[in-house]
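**Q** Chains as they are written, first to last, in this note's numbering: chain A, 1393 to 1461; chain B, 1393 to 1461; chain C, 1393 to 1461; chain D, 1393 to 1461; chain E, 1393 to 1461; chain F, 1393 to 1461. Let me give you the structure first, and then I'll get to my questions.
6 protein chains.
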Amino acid sequence: MRLSARNKINATITGITRGEATANVELDAAGTRLVASITVEAAAELGLTEGMQVIAVVKASDVMVAVPD
Amino acid sequence: MRLSARNKINATITGITRGEATANVELDAAGTRLVASITVEAAAELGLTEGMQVIAVVKASDVMVAVPD
Amino acid sequence: MRLSARNKINATITGITRGEATANVELDAAGTRLVASITVEAAAELGLTEGMQVIAVVKASDVMVAVPD
Amino acid sequence: MRLSARNKINATITGITRGEATANVELDAAGTRLVASITVEAAAELGLTEGMQVIAVVKASDVMVAVPD
Amino acid sequence: MRLSARNKINATITGITRGEATANVELDAAGTRLVASITVEAAAELGLTEGMQVIAVVKASDVMVAVPD
Amino acid sequence: MRLSARNKINATITGITRGEATANVELDAAGTRLVASITVEAAAELGLTEGMQVIAVVKASDVMVAVPD
C-alpha cells in the first residue's frame, strides 16, 4: 500500500503507555523523541512492543512550523 | 511559550511551494524529508525561506505508527 | 506496511481539483461521496486519476460522530 | 447546522470502549468497519449506544489516499 | 444534527482567501482572530461571505494548550 | 518560539479529566467553553492546574465552519 501522507520517519519504540482507549507510543527517531497517540486496538493489532522498528507517519496538513526566538 | 505538542523535530527548509491559500514547506530533518502544509499567511508572517532552521511541530494525536511488511 | 489508522474505506476516484499546493480528490465509496485534501505532490506521486480504485484512510482521532435531529 | 466538513458517512454503532477521557466508538458503514475516537463527554452527551444510527463526519484535510500494491 | 466536536465558537467572517482547492476563512470571535482552512467547495456550498455569522467548530483532539513564558 | 498555527485563544483552565494516556482540559475563553484533549504527559509537564491562564492553539486546517439553520 502506497500512502499519500508525506512524512515517514524511521523510529524505534522506547515505551508504551496504555489506557482503556488510547495508547501513547514513545519513539526514538535518531535521537529525537516522538510520541504517537493511537487506539489501544491498533497497538495490539500491530503487536507494538519496546525495541520494535516502526515508521512514524504524519499527514502534511498536520505539521506546523515553528521558528525559534 | 511552552506547547503541549509532543513532537518537535529540528529541520532545515529546503523548498516552499506557494498556492493562493496553502504553502507546502519542504524540510530536511537529518536526512529525512518532511512536508508541512500551512497557510501562505503563516509562511509570510514567519518569513520562511530556504535554508532557514526551523522546528516541525506535530500533536501526538496526529502521529500514526506503521510496521514495515 | 501495516498502519495504525483504523479507517480504511474502498473507493473510486471520481474527480480531482488541483491547486498549486493542494489537490482535492473526490471519491465514491459505494454511493457515498468522499473528499480527500492532499498535497499535489502526493497526487502526482501516486499517479491518481479518475476511475482508479483507492483506499480512503482516516485516523480514528479525526472521526467525529453526529446524531441526526 | 450546516457544516463545512466534506465527509459524512451513515453508520450504525456496533460497540463503544470507554476510558476515563476517550471513547472509541466502533461503527458499521454498509459493511465497512469505522472507529471514531471522541471524548467520553461527547459520547455521554449524545447518548451514544449500540445499534444507534449516526453519521461519521470527517474534514477533507484529514483524509489520506492509499493505492493498493 | 448534534455533533461530538467539543469546541463551537461564534464568529463573524471578516475575509476569505480562495485558492483553487483551499479557502482560508478569516473570522472574528469577540475580538480574537481565527482562520479556518476549508475546501473551496465547502465555502461555496455554505455561501460564505464577509459579515456572515458562523460557528468555528474544532474537535477536542485538535486543540493544543500553550503556557506563556 | 513563533508558531505557524493561526488560532490562539486566551483561556482559563476550569477543569482537567485525566485518563491513563489522555487528559481532557476544559477551558473558559471569555464565556465560551473549550476542550483540549492532550497527552497526560503534556498536562503534567506544563503543570496545568485549574485557574491557570493558557492559550488554546489550533492549526487552521483543523477548523471547520458551520452555518446555523
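The beta-carbon is built from N, C-alpha and C at its ideal position, and this holds for glycine as well.
1) Quick check on the DSSP output: the beta strand (DSSP E) that includes F:ALA1403 runs from which residue to which?
2) Are E:THR1424 and E:ASN1416 close, meaning C-beta to C-beta below 7 Å?
3) Where does the unbroken alpha helix (DSSP H) through B:ALA1413 begin, and where does it stop?
4) Please report the residue range of the alpha helix (DSSP H) in which F:ALA1452 lies.
5) Taking 7 Å as the threshold (beta carbon to beta carbon), is A:THR1414 in contact with chain F?
6) Measure the CB-CB distance between F:MET1393 and E:VAL1449 and report whether it falls below 7 Å.
7) Do you know offhand how far F:SER1396's Cα is from B:GLU1418's?
8) Using a Cβ-Cβ cutoff of less than 7 Å, which residues in the same chain neighbour E:ALA1452 once the five nearest sequence positions on both sides are dropped?
9) What are the boundary residues of the alpha helix (DSSP H) that B:ALA1436 is part of?
10) Tell me whether B:SER1429 sits in a helix, a strand or coil according to DSSP, three-state version.
11) Assuming E:ALA1428 and C:SER1429 are in contact, meaning their beta carbons sit under 8 Å apart, how far apart are those beta carbons, in whole angstroms?
12) Going along chain C, which residues have a C-beta under 9 Å from B:THR1409?
13) Using Cβ-Cβ distances below 8 Å, what residues of the region 1443-1459 of chain B are close to chain A?
14) Suppose you measure from the CA of D:MET1444 to the CA of D:ALA1436; what does that come to, to the nearest Å?
15) Can E:ASP1454 and F:ASP1420 be called in contact, C-beta distance under 7 Å?
16) Under 7 Å between the Cβ atoms of C:VAL1432 and C:ALA1403?
17) I want to verify the contact list: residues of chain A whose CB lies under 7 Å from the CB of F:ALA1397, in sequence order.
18) Determine the burial state of E:ALA1434: buried for a count of at least 16 other Cβ atoms within 10 Å of its Cβ, exposed for fewer.
19) Which of the three DSSP states is assigned to B:LEU1419 in this structure?
20) Suppose you measure from the CA of E:GLY1439 to the CA of F:PRO1460; what does that come to, to the nearest Å?
21) In its own chain, which residues sit with a C-beta less than 8 Å from the C-beta of C:LEU1426, not counting the 5 before and 5 after it?
22) Measuring only between beta-carbons, confirm whether F:ALA1428 sits less than 7 Å from chain E.
23) Exposed or buried, what is D:ALA1422 when buried is set at 16 or more other beta-carbons lying within 10 Å of its beta-carbon?
24) Take F:GLY1407 and list the residues in its own chain whose beta-carbon comes closer than 6 Å to its own, dropping the five residues that flank it on each side.
25) What are the boundary residues of the beta strand (DSSP E) that B:MET1351 is part of?
26) Between the alpha carbons of A:ALA1458 and A:GLU1442, how many angstroms are there, rounded?
27) Does chain C have any CB closer than 7 Å to the CB of E:ARG1425?
28) Once you ignore the five residues that flank F:GLY1484 on each side, which residues in its own chain have a CB closer than 8 Å to its CB?
29) Run through DSSP, which three-state label would E:THR1441 get?
**A** In this structure, then:
1) Looking up residue 1403 of chain F in the sixth sequence gives position 11. 1399-1410 is the span of the beta strand (DSSP E), which, as asked, contains F:ALA1403.
2) Walking along the fifth sequence from the start, residue 1424 of chain E turns up at place 32. Walking along the fifth sequence from the start, residue 1416 of chain E turns up at place 24. Contact flag unset, no.
3) Within the second sequence, numbered from 1, the residue matching residue 1413 of chain B stands at position 21. It is not in any alpha helix (DSSP H) - B:ALA1413 carries neither H nor E in the DSSP assignment.
4) In the sixth sequence, counting from the first residue as 1, residue 1452 of chain F sits at position 60. First-last for F:ALA1452: undefined, no H or E at that position.
5) One-based indexing of the first sequence puts residue 1414 of chain A at position 22. Judged by the 7 Å Cβ criterion, A:THR1414 is in contact with chain F.
6) The residue labelled residue 1393 of chain F in the question sits at position 1 within the sixth sequence. The residue labelled residue 1449 of chain E in the question sits at position 57 within the fifth sequence. No, these two residues do not count as a Cβ contact at 7 Å.
7) As a working mapping, residue 1396 of chain F is identified with position 4 in the sixth sequence. As a working mapping, residue 1418 of chain B is identified with position 26 in the second sequence. If I take the Cα positions, the gap works out to 14 Å.
8) For the purposes of this step, residue 1452 of chain E is taken as the residue at position 60 of the fifth sequence. Annotation for E:ALA1452: ARG1398 and ASN1399 place their beta carbon closer than 7 Å to its own, counting only its chain and skipping 5 residues before and after.
9) The residue labelled residue 1436 of chain B in the question sits at position 44 within the second sequence. Looking at the DSSP string, the run of the alpha helix (DSSP H) that includes B:ALA1436 is 1432-1437.
10) Position 37 of the second sequence, counting from 1, holds the residue named residue 1429 of chain B. Strand.
11) What you label residue 1428 of chain E is simply residue 36 of the fifth sequence in a count that begins at 1. What you label residue 1429 of chain C is simply residue 37 of the third sequence in a count that begins at 1. About 13 Å separates the beta carbon of E:ALA1428 from that of C:SER1429, a gap too long to meet the 8 Å contact definition.
12) Locating residue 1409 of chain B in the second sequence gives position 17, counting from the first residue. Correct list: GLU1412, ALA1413, THR1431, VAL1432 and GLU1433.
13) MET1444, GLN1445, VAL1446, ILE1447, ALA1448, VAL1449, VAL1450, LYS1451, ALA1452, SER1453, ASP1454, VAL1455, MET1456, VAL1457, ALA1458 and VAL1459
14) If you number the fourth sequence from 1, residue 1444 of chain D lands on position 52. If you number the fourth sequence from 1, residue 1436 of chain D lands on position 44. Going from the Cα of D:MET1444 to the Cα of D:ALA1436 covers about 13 Å.
15) Here residue 1454 of chain E refers to the residue found at position 62 of the fifth sequence. Here residue 1420 of chain F refers to the residue found at position 28 of the sixth sequence. If you check the CB distance, E:ASP1454 and F:ASP1420 do not come in under 7 Å.
16) Numbered from 1 along the third sequence, position 40 holds the residue referred to as residue 1432 of chain C. Numbered from 1 along the third sequence, position 11 holds the residue referred to as residue 1403 of chain C. No, these two residues do not count as a Cβ contact at 7 Å.
17) Position 5 of the sixth sequence, counted from the first residue, corresponds to residue 1397 of chain F. Result: MET1456.
18) The residue labelled residue 1434 of chain E in the question sits at position 42 within the fifth sequence. By the Cβ-count criterion, E:ALA1434 is buried, with 16 or more other Cβ atoms from all chains shown falling within 10 Å of its own Cβ.
19) Walking along the second sequence from the start, residue 1419 of chain B turns up at place 27. B:LEU1419 falls in the strand class under three-state DSSP.
20) Counting from one through the fifth sequence, the residue named residue 1439 of chain E turns up at place 47. Counting from one through the sixth sequence, the residue named residue 1460 of chain F turns up at place 68. Roughly 12 Å between the two C-alpha positions.
21) Numbered from its first residue, the third sequence carries residue 1426 of chain C at position 34. Here the set comprises ILE1401, ALA1403, GLU1418, LEU1419, ASP1420 and ALA1448.
22) Sequence index remark: in the sixth sequence, residue 1428 of chain F carries index 36 (1-based). So, interface residue.
23) To locate residue 1422 of chain D, count along the fourth sequence from 1; it is residue 30. D:ALA1422 comes out exposed.
24) Position 15 of the sixth sequence, counted from the first residue, corresponds to residue 1407 of chain F. If we look at F:GLY1407 and ignore the five residues flanking it on each side, its Cβ neighbours are GLU1418.
25) The shown model of chain B, from 1393 to 1461, leaves out residue 1351 of chain B, and the question about it has no answer.
26) Walking along the first sequence from the start, residue 1458 of chain A turns up at place 66. Walking along the first sequence from the start, residue 1442 of chain A turns up at place 50. Roughly 30 Å between the two C-alpha positions.
27) As a first step, residue 1425 of chain E must be located in the fifth sequence, where it is residue number 33. Not one chain C Cβ lies under 7 Å of E:ARG1425.
28) Given a span of 1393 to 1461 for chain F in the structure shown, any question on residue 1484 of chain F remains unanswerable.
29) Start at 1 with the first residue of the fifth sequence, and residue 1441 of chain E comes out as number 49. E:THR1441: coil per DSSP, three-state reduction.
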